[in-house]
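Chemist: Sharing a structure, written as structure tokens. Questions coming.
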Amino acid sequence: MSDNSSLRTPSQRIAWTATIVVSALVFVFLIAPILAIMPLSFSSGSYLTYPLPGFSFRWYNDFITSPRWMNSLKNSVIIGVASTVLSMVLGTLAALGLAQWKSRIKPLVLAFVLSPVVVPGVITAVGLYFFFAPIGLTGSYLGLILAHTALATPFVVITVGATLQSFDTNLARAAASLGASPLYAFRRVILPLILPGLASGALFAFATSFDEVVIVLFMAGPEQRTLPREMFSGIRENISPTITAAAVILTTVSVILLATMEALRRRNERLEGGG
Amino acid sequence: MTASATSADASTEVPLKRRLRRAERARQVKALALVAPLLVFLLFTFAGPIAGMLWRAVDDREVRQVLPQTIAALAEWDGKELPDEKAYAALASDVQAARASGTIAIAAKRLNYALNGFRTILTSTSRNLKTAPEPGTAKETLSKINPAWRERPTWTTIKDAGGPITGFYLLAALDLTRNADGAIVAAPPDQAIYRSLFARTFIISLSVTVLCLILGFPVAYLLATLPPGKSNLLMIFVLLPFWTSLLVRTCAWIVLLQSKGVVNDSLHWLGIIDEPLRLIYNRFGVCVAMTHVLLPFMILPLYSSMKAISPAYMRAAASLGAPPLTAFLRIYLPQTLPGIGAGSLLVFILALGYYITPALVGGAADQMISYFIALYTTETANWGLASALGAVLLLATILLALVYGKLVQGQQVTGGMKN
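Protein chains in written order, with the working numbering: chain L, 927 to 1201; chain H, -7 to 411.
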């Protein structure tokens, strides 16, 4: 380790050890809560305390046989997939446009496009609640999909935009000079190169919708309740171990998303390193 | 010969320039056309709704719609004495019409915000005003039904609520109100709860930001200093919570911190405590859970700013004889300031608008501004006040986001070292 060569004095060694110890404690703080609730979902008892009285799948069984939980899972997937598709279309087009657009107001437009990330969820939710209620979009799938798309699109614009920035536009010119139509060049040259960026954008968009709860709280009717929304009322009313089963399912989805993201990033690094 | 050659050149050059310019313009139009769908979409699903909310913070047409003649009659009233007979007659006629259409409650609700007890005044008047008063006796009749009609503030309240726009809700959100003479004064103590609410929101956000900085700095330093293989592996400890659902993490803290939870049980088992500590549904629980959720937003910007610092600087400082602590404080720390600024601002901005976590792990005294916006929107339907509080929160967020934007942009311009 090259950096340890600079640790010559005892005080430096102490400082470095302290950094490691404190960091280790922070890592425990970050990870332990997530790990701590997982075993509880396999408990055979109905209290959320350790030690577990025994092992069972009863809470997963409870989850799978409960129409309320299964319906919420279905809703989360429907709304997540639909808003991912919609935000991918809108976000990719916008990122392509922003990459070519030169104007003095471009930073302003970019700030506007990214602002849904920064504006507090409650403000967006209250605004949408007032705005969508008179036109019948509250208590509907369409209303939730539109709202989640607005929240997710900035992430698509950022990730796809970052990919386009590292994209060599000469490749598109070369395709054009060799006689490829713009559409053909996009499909055969541009698309394969920006595909990892698109995939990351889609993952971000899906995660945003899948995790969102404030807008769902304001706008969803009983029919459109999503998984986080069901967890919210579950935590409020009475925490049963079924919630921990739901939490494990949600965390599994997060881990899959994170692993895919890492794989994409590594692939990209390898490609860029090789080129 | 040469002259004709240059002129020939120039004649072909000009159209080429123009053609290039035209092609560039076409490209710009095409670029704008690609961005346009998203802009239109966000106008409908984001900017429009928020503008609508801001409009509700000043919109005041309820009383005007229910009591139109009264508002018209009070238009020329100077507010110094009681209004004349004409206004009383207009009110009597309005109240009868409103009772017939069932709209009296709308005006009563709005007027009650401004003057406590107005709901009773209006509903009792509506109930007891059986027939239209004889011409010239409206003042007498109404005053007999409810003596409040003999008091000037009753009438100034109606006139102030006459709309069509009002500063009433925005003033209320800042614990201010107008007195009977129209001057802006402090709100009565029982209604003045919002400044302390803003202070509480600010204090919680600041505590969480400071906690994140204290916990995040060593981690970011470690990740930036370790060789890439190790730091990539440890980065998973930061990214996994980042990707885990907010609800899962909040739920986890409830399980850990409750009176029979893991933390209390362990402390009891270790013999440190006899009685379970109260760790949740209070300020402590809110700060711990929010710090857990927001910590990755501090670590990631800190990490990228530290990653950009060349180790050569520290080596140079050491070779010039600086003791390690001096080198750290004078050379390393100043270079991390942009990262500290960006991370702290980001965490603070996100914390300001927090709703879910305090709602689930906080007590009544730990609810932040978002909670009250939600409460007034869905429970009490005081949409004007909800919107006014929203406007204040939005303004604070936008101002901080502008500072953040400047900071991050400045880093990109000056920090050629970045990436």
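All C-beta atoms in this analysis are idealised placements derived from N, C-alpha and C, irrespective of residue type, glycine included.
For clarity, every value in this text was computed on a predicted model and none was experimentally measured.
Below 7 Å on C-beta distance, what does H/V254 contact in chain L?
Modeler: A962 and Y976, listed in chain order.
Chemist: Of all Cβ atoms in chain H, is any one closer than 8 Å to the Cβ of L/K1028?
Modeler: Judged by the 8 Å Cβ criterion, L/K1028 is in contact with chain H.
Chemist: First and last residue of the beta strand (DSSP E) that includes H/A178?
Modeler: From DSSP, the beta strand (DSSP E) with H/A178 extends over I176 to A178.
Chemist: Is it the case that the stretch 229 to 241 of chain H contacts the stretch 270 to 277 of chain H, given that we only count it when at least three CB pairs across the two stretches are under 8 Å?
Modeler: The stretch 270 to 277 of chain H, when compared against the stretch 229 to 241 of chain H, does not touch it at the 8 Å Cβ threshold.
Chemist: Return the bridge partner residues of L/S1009 from the DSSP annotation.
Modeler: None, per the DSSP bridge assignment.
Chemist: Give a yes or no on whether the minimum CB-CB distance between H/A244 and chain A is below 8 Å.
Modeler: Although the question refers to chain A, the structure presented lacks it and instead comprises the protein chains L and H.
Chemist: Using Cβ-Cβ distances below 7 Å, what residues of the stretch 33 to 53 of chain H are close to chain L?
Modeler: If the cut-off is 7 Å between Cβ atoms, the stretch 33 to 53 of chain H has F33, L34, T37, F38, G40, P41, I42, G44, M45 and R48 near chain L.
Chemist: To the nearest angstrom, how far is it from the Cα of H/L394 to the Cα of L/V1174?
Modeler: Straight-line Cα distance between these residues: approximately 38 Å.
Chemist: With a threshold of 8 Å between beta carbons, is L/D1137 in contact with chain H?
Modeler: Judged by the 8 Å Cβ criterion, L/D1137 is in contact with chain H.
Chemist: I'd like the list of long-range same chain contacts for H/S197, defined as Cβ closer than 6 Å, with 5 residues on each side in sequence excluded.
Modeler: If we look at H/S197 and ignore the five residues flanking it on each side, its Cβ neighbours are F340, A343 and L344.
Chemist: Kindly list the residues whose CB is nearer than 6 Å to the CB of L/I913, restricted to its own chain and excluding five residues on each side of it in sequence; keep chain order.
Modeler: Because chain L spans 927 through 1201 in this model, residue 913 of chain L falls outside it and cannot be assessed.
Chemist: Verify the CB distance criterion: does L/A1020 have a CB-CB separation below 8 Å to chain H?
Modeler: Closer than 8 Å: yes.
Chemist: From H/I390 to H/Y186, what distance separates their C-alpha atoms?
Modeler: If you take the alpha carbons of H/I390 and H/Y186, they lie about 20 Å apart.
Chemist: What is the rounded straight-line gap between the Cα of L/I1120 and the Cα of L/L1183?
Modeler: Roughly 19 Å between the two C-alpha positions.
Chemist: If you follow the alpha helix (DSSP H) that L/R1099 is part of, which residue opens it and which one closes it?
Modeler: That run of the alpha helix (DSSP H) goes T1095 to S1103.
Chemist: So who's on the other strand from H/L168, going by DSSP bridges?
Modeler: H/A178.
Chemist: Can you give me the Cβ contacts of L/M1187 inside the same chain, cut-off strictly under 7 Å, excluding the 5 residues immediately before and after it?
Modeler: The residues are S1126 and L1129.
Chemist: In the DSSP assignment, find the unbroken alpha helix (DSSP H) run with H/H106 in it and report its ends.
Modeler: Per the sequence shown, the amino acid found at residue 106 of chain H is Ala instead of His. Run containing H/A106: I96 to A106, per the alpha helix (DSSP H) assignment.
Chemist: Name the residues in the stretch 194 to 222 of chain H whose C-beta lies less than 7 Å from a C-beta of chain L; which are they?
Modeler: Correct list: L207, P210, V211, Y213, L214, T217 and P219.
Chemist: Should L/V1214 be flagged as near chain H, meaning a C-beta pair shorter than 8 Å?
Modeler: Nothing about residue 1214 of chain L can be read from this structure; chain L reaches only from 927 to 1201.
Chemist: Indicate the three-state DSSP secondary structure (helix, strand or coil) for H/D51 in the structure shown.
Modeler: Correct three-state label for H/D51: strand.
Chemist: Does any residue of chain L have a CB that is nearer than 8 Å to the CB of H/A366?
Modeler: True, the Cβ-Cβ gap to chain L drops below 8 Å.
Chemist: Within a Cβ cutoff of 8 Å, which residues of the same chain sit near L/L1040, ignoring the five residues on either side of it in sequence?
Modeler: Within the same chain, L/L1040 has close Cβ partners P1080, V1083 and I1084.
Chemist: In terms of alpha-carbon separation, which member of H/A388, H/L385, H/G376 and H/L392 lies closest to H/P156?
Modeler: Selected option, being the one with the closest Cα: H/G376.
Chemist: Taking the beta carbon of H/V247 as the centre, do at least 16 other beta carbons fall within 10 Å, making it buried, or is it exposed?
Modeler: Under this definition H/V247 is a buried residue.
Chemist: With DSSP run on the structure shown, which of helix, strand or coil describes L/L1184?
Modeler: Helix, per DSSP.
Chemist: Quick check on L/S969: does DSSP put it in helix, strand or coil?
Modeler: In this structure, L/S969 counts as strand in the three-state DSSP scheme.
Chemist: Using a Cβ-Cβ distance under 8 Å, would L/M996 count as near chain H?
Modeler: Taking Cβ atoms only, chain H never reaches closer than 8 Å to L/M996, which makes this a no.
Chemist: Can you give me, in chain order, the residues of the stretch 12 to 28 of chain H that have a beta carbon less than 9 Å from any beta carbon in chain L?
Modeler: Listed by position, the residues of the stretch 12 to 28 of chain H near chain L (Cβ gap below 9 Å) are E16, R19, Q20, K22, A23, L24, A25, L26, V27 and A28.
Chemist: For H/I157, does the three-state DSSP call read helix, strand or coil?
Modeler: Strand, per DSSP.
Chemist: Is L/F981 helix, strand or coil when you go by DSSP?
Modeler: Three-state result, L/F981: strand.
Chemist: Measure the C-alpha to C-alpha separation of L/V1015 and L/A1102 and round it to an integer number of angstroms.
Modeler: Going by the C-alpha atoms only, they are around 24 Å apart.
Chemist: Can you give me the C-alpha to C-alpha distance between H/P181 and H/D52, rounded to a whole angstrom?
Modeler: For H/P181 and H/D52, the distance between alpha carbons rounds to 24 Å.
Chemist: For L/R1162 and chain H, any beta-carbon pair shorter than 8 Å?
Modeler: Chain H, which has a Cβ nearer than 8 Å to the Cβ of L/R1162, makes this yes.
Chemist: For H/R241, go through chain L and note every residue whose CB falls closer than 8 Å to its CB, in chain order.
Modeler: Residues of chain L passing the Cβ test: P959 and I960.
Chemist: Just to check my reading of the structure: H/G159 and H/V50 have Cβ atoms closer than 8 Å, yes? What is that Cβ distance to the nearest angstrom?
Modeler: Yes, H/G159 and H/V50 are in contact; Cβ-Cβ is about 7 Å, under 8 Å.
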